[in-house]
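Down below is the structure, laid out as structure tokens.
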Amino acid sequence: MNIKQAQEIIVSVIPSVQTEILRPENVGNPLTIIRILTAYIEKMIAQACEDELGKALHLMEYMHEKGEWRLQNAVENIFVFSLDSILNACPESRRGQVTGKIPIGIYTAYVNQIYRSGS
């Protein structure tokens, strides 16, 4: 999947981000698109919108698995890198619940990133 297809999928699954995703300065920029989706995920965690959070997390994993290399790198360098701070900002009472929603592919990339940085 290329960045244009990813943008279309994001807008179809999460219509509330359409305006920001389709701004001329954001179109075709995988880093910006992943930043927008990451901010949306943080917002869904803060608002305890479990269904929307699940959709967004699975969408992130889909882009990580099926996206072209620029999209995959953006997911790892933006979302996976910020996952630690996202989880730490999450209320402790919900942290386990949120962690349980993270798809295995994204969680594996997160764990690999932690081990790489510790070497």
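Everything in the sequence shown is counted per full-length UniProt numbering, starting at 1 for the first residue and increasing by one.
Glycine included, each C-beta is placed from N, C-alpha and C at the ideal position.
The structure displayed is predicted, hence computed values, not measured ones.
query: heavy atom of the ligand MN below 7 Å from Asn73 C-beta; result: The ligand MN is not part of this structure, which contains no ligands at all.
query: Endpoints, the alpha helix (DSSP H) within which Met60 is located; result: 50-66
query: Three-way DSSP call (helix, strand, coil) for Glu25 in this model; result: coil
query: CA-to-CA distance, Ala56 to Ser16, given in whole angstroms; result: 12 Å
query: Pair within 8 Å by beta-carbon distance, Ile78 and Arg35; result: yes
query: contact_flag[the segment 1-10, the segment 58-78] where n(CB pairs < 8 Å) is 3 or more; result: yes
query: Chain-order list of residues whose beta-carbon lies under 8 Å from that of Pro103 (same chain, five-residue window excluded); result: Leu57, His58, Met60, Glu61
query: Same chain, Cβ closer than 6 Å to Ala46, five either side skipped, listed in chain order; result: none
query: 6 Å CB neighbourhood of Gly28 in its chain, flanking five on each side removed; result: Ile3
query: Backbone CA spacing between Glu20 and Tyr110 [nearest angstrom]; result: 26 Å
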